[in-house]
Every structure is written in structure tokens, then in C-alpha cells.
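Notes to accompany the following structure.
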Amino acid sequence: MIIDIGDIMENFIFKKSLGQNFLTDTNIVKKIVEVAGLTNEDLVIEIGPGSGALTIELAKQAKFVLSYEIDERLESILDENLKEFSNVEIIYSDFLNRIVKEDIKKYSFKRLFVVANLPYYITTPIIEKIIEEDLSIEKIVVMVQKEVGDRFSAKTGTKDYNSLSIFLQYHYEVKKEFIVSRNCFIPKPNVDSVIVSFTKRKYKEEIHHIENFEQLIRDSFRYKRKNLRNNLKSYPLALINEVLSKYGLDLTTRAEQISLEIFIDLANTLFP
Ligand code: SAM
């Protein structure tokens, strides 16, 4: 079913620079909310409500929706579209500049979710911010550009596997849920999209110093074509080699061949 964007949006000029591609398909909106599996005890954070298509469905299922929208021109449209709902707060501000921990303090809720059709120009900074703020989020369900979804969920040894895949997969079970065609948006973007879910991992291997682990991964992937010996020149290479040899690997291995488990072993050995 097509969402009626209505007269209210008639004169709205979409800003490409803000990633403004709004969903026009109710079935997609419903499927996104279904993936989240919300209850009326949950708080949902949304980034970029646009005209409110997803916000409305979230408000029907969750206890509260806290939504961040950078574009103040949408305020009157959102006021109108969300007038039936008393459980939605919109903060008109750049999500990347907020301290979400502070913003959610006033809410009482059982579980915290993030559900959003993200502005694609800042997908990675948004995801990194959500994880770095350490908010204890039950599940994140986001629409992203298809290629970005491939990178988030990439397995060891594939071309899309990178430092962010490892970082994300340490914290969450990452799953590509379903593809969304570019025809489901107004204006139509020139890429297809995918819904990706991140479910908090209940059991996580212990990492002694998370910052060192993150730095080690970033350094290992610094130059994609170089092997670990070249990318990790400033580290104790003999010790690294010792760990790698347990897995039948050596310093000529490239970072994309190293699994999360081996990176954890390396980090805990180098930084006990
Ligand atoms: N949720 C709507 C939908 O699905 O139809 C709109 C999604 S649209 C892809 C992204 C939205 O994010 C736009 O409304 C845009 O104005 C907003 N946005 C862009 N940058 C933002 C930022 N830094 N902080 C908060 N919102 C932002």
C-alpha cells in the first residue's frame, strides 16, 4: 500500500544533502517494525523521522518514541502527522551532537531499541555513536544502503570484511533482514537498500582493553593490500607471530583473513 504523503508535503523541497528519501510503502514500514519486535514497555530511538511514516508505526507499538530530526522545516508536518500520539518526542537537532544518555534519563522503560531509516551520508558515524555511547540497546534495526549492509555483516575472508564489521560483530549478532527497492522512496534514490538488525550478544568473549583492541583492528586494516607484518610494524611482531601460529597463520596473513576470535586473542596477548 502506498503511503499518502498528502497535501501537507506538497511544497516540501527534499534536501539531498540531508539524505531525505522518504518511505512511501506501508508494507515496508510494517515489516521494519515487525523485525524490531517491540512491546508497550519499550523506548525506541529513531534518527530522522522525516514526515513520520515510520514514527507512527513505532508509536503504535512502543511505550515511547524519542526521535531526532535535524530539519526544522519538518516540524509542522510532523506535528500534524503525529497529532494522535502523546508518546512521541521529537528533538530538532543533529543526532550526532546529542548525548543520548542524558536525553533518555527522563523515560522509564524496560528495553531500549533503535529503529530508523538512516540518512545515508552519515550511516557509519551514527552506528559508531550508538555503540560507543554504550547505551545497552536490545536491538538496532536500520535501513542502510545495500553495500553498507554487506560490509556490516561481512564474514572473515570476504572482500567486504573490515574493521567495522569486526567491531559490530563483537557487540551484536548482525543480520541482513530484507532488501528494499529504490522504488519504495520519494524521491527515488539511486541505490537499493537493506534492513539490517543488530541484536545484543548475550555472551561476549572478554576483551581486557577494548580501546587497544579497536586500535589493533584499525591498524591491521590500515592498508588493505598490506599484510600484518607491514601494517603492524610498530607492534611486537614476534609475539603476534606466536599467537598466529596457534591458528596455522603467520605475519604474511592479511587482516581480512583474521577472525574476531583471533583478533581477541591477539589483543589480550598484546595488552594483558
Ligand atoms: N524516517 C523517514 C522515512 O522513512 O520516510 C525519513 C528517512 S530519511 C532517509 C532521513 C531523515 O534523517 C531525514 O528526515 C533527514 O532530514 C534526517 N536527518 C539527516 N541528518 C540528520 C542528523 N544529523 N540528525 C537527525 N536527523 C537527520
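Reading the sequence shown from the start, the letters are residues 52 to 323 in the working numbering.
Glycine is no exception: its CB is placed at the ideal position from the N, C-alpha and C atoms.
Segment limits, alpha helix (DSSP H) that includes residue i
i              : result
aspartate 130  : 126-132
tyrosine 221   : 214-222
threonine 51   : For the chain, the structure presents residues 52 to 323; residue 51 sits outside this window and is missing.
isoleucine 181 : 174-183
serine 271     : 261-271
arginine 293   : The residue asked about is misnamed: residue 293 is glutamate in this sequence, not arginine. 288-297 is the span of the alpha helix (DSSP H), which, as asked, contains glutamate 293.
arginine 31    : Because the chain in this structure spans residues 52 to 323, residue 31 falls outside the shown range and cannot be described.
Endpoints, the beta strand (DSSP E) within which residue i is located
i           : result
alanine 167 : 162-168
Counterpart residues of residue i in DSSP-defined beta bridges
i                 : result
tyrosine 158      : According to DSSP, which records beta bridges pairwise, tyrosine 158 is partnered with nothing at all.
leucine 94        : Phe115, Leu163
methionine 194    : Asn168, Ile246
tyrosine 143      : Glu120
isoleucine 237    : Phe73
valine 199        : Beta-bridge pairing links valine 199 to no other residue.
phenylalanine 314 : In DSSP, phenylalanine 314 forms no bridge with anything.
valine 225        : Phe249
isoleucine 230    : Val245
Sequence-distant residues of the same chain with beta carbon closer than 7 Å to residue i, five excluded per side
i              : result
lysine 161     : Glu92, Asp93
lysine 239     : Arg233
lysine 187     : Checking the sequence, you will find serine at residue 187 rather than lysine. The answer, listed in chain order, is Leu163.
leucine 290    : Thr320, Leu321
methionine 60  : Ser102, Ile128
asparagine 278 : Leu302, Thr303, Thr304, Arg305
valine 86      : Val192, Glu228, Ile246, Ser248
Contacting residues, own chain, Cβ-Cβ under 6 Å from residue i (five flanking each side not counted)
i           : result
leucine 117 : Ile96, Glu140
valine 15   : Only positions 52 to 323 of the chain appear in the structure, and residue 15 is not among them; the question remains open.
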